[in-house]
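Number 124 in UniProt numbering belongs to position 124 of the sequence shown; there are no gaps in the numbering. Following: one structure in structure tokens, then a few remarks.
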Amino acid sequence: MATPQSMTRDQLASLAKSYFQAVDANDVDLVLSHFAPDATLTVQTDHVTFTGLDELRQMFSGFITNSKQMLHEVKSIVADEKTGKVATQQYFTGESLEGTQSEMLNCNFFDVNADGKFSRVVIWMAGKNPLK
């Protein structure tokens, strides 16, 4: 069993990159494969938290279903092998099915558990939350 301390910086960074690739590919099951069963995802700037795979599935399914296209361009990653934490800065562009364009610079903070899954994700968004 992997522990956050046994994951290298590159492995932690790859986990975050893989998550964004899964979101951009509109693959809810692949997105959820990154999360522990009791994980939380908080959009701090919108004061909303989703807890557990069922809530995460509902949120990501709605987000993906209502998106015509999206792209997360990761600009920077900081990973701490000792604590199993990863921070990313990414530029998000997207278009909803209704044609609303979104462009924002966001930061995500990931806690990785002993199984190599996200136990906690906190997101800071520079614009309107499309994850509702």
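Note that beta-carbon positions come from the ideal geometry of N, C-alpha and C, so glycine has one too.
Length of the line joining the Cα atoms of residue i and residue j
i	j	result
Phe50	Met59	8 angstroms
Asp80	Arg120	15 angstroms
Gln90	Ser76	7 angstroms
Ala36	Val122	15 angstroms
Val28	Met104	22 angstroms
Thr40	Arg9	22 angstroms
Asp54	Leu32	10 angstroms
Val86	Leu97	31 angstroms
Gly52	Thr42	12 angstroms
Gln101	Gly62	17 angstroms
Ser6	Asp111	14 angstroms
Gly84	Ser14	13 angstroms
Buried or exposed (CB count within 10 angstroms, at least 16 for buried), residue i
i	result
Lys117	buried
Gly99	exposed
His34	buried
Best match in the options for proximity to residue i [C-alpha to C-alpha]
i	options	result
residue 143	Val122, Val43, Phe109	For the chain, the structure presents residues 1 to 132; residue 143 sits outside this window and is missing.
Asp38	Lys85, Gly62, Leu56	Leu56
Proximal residues to residue i (C-beta, below 6 angstroms), its chain only, five neighbours per side dropped
i	result
Gln69	Glu95
Thr88	Ala16, Val74, Ile77, Asn108
Thr93	Leu71, Glu103
Start-to-end residues for the alpha helix (DSSP H) that takes in residue i
i	result
Gly84	Looking at the DSSP string, Gly84 is not in any alpha helix (DSSP H), and its letter there is neither H nor E.
Asp24	9 to 24
Start-to-end residues for the beta strand (DSSP E) that takes in residue i
i	result
Gln101	101 to 112
Neighbourhood of residue i by C-beta distance below 7 angstroms, restricted to the same chain and skipping five residues each side
i	result
Phe20	His72, Val74, Gln90
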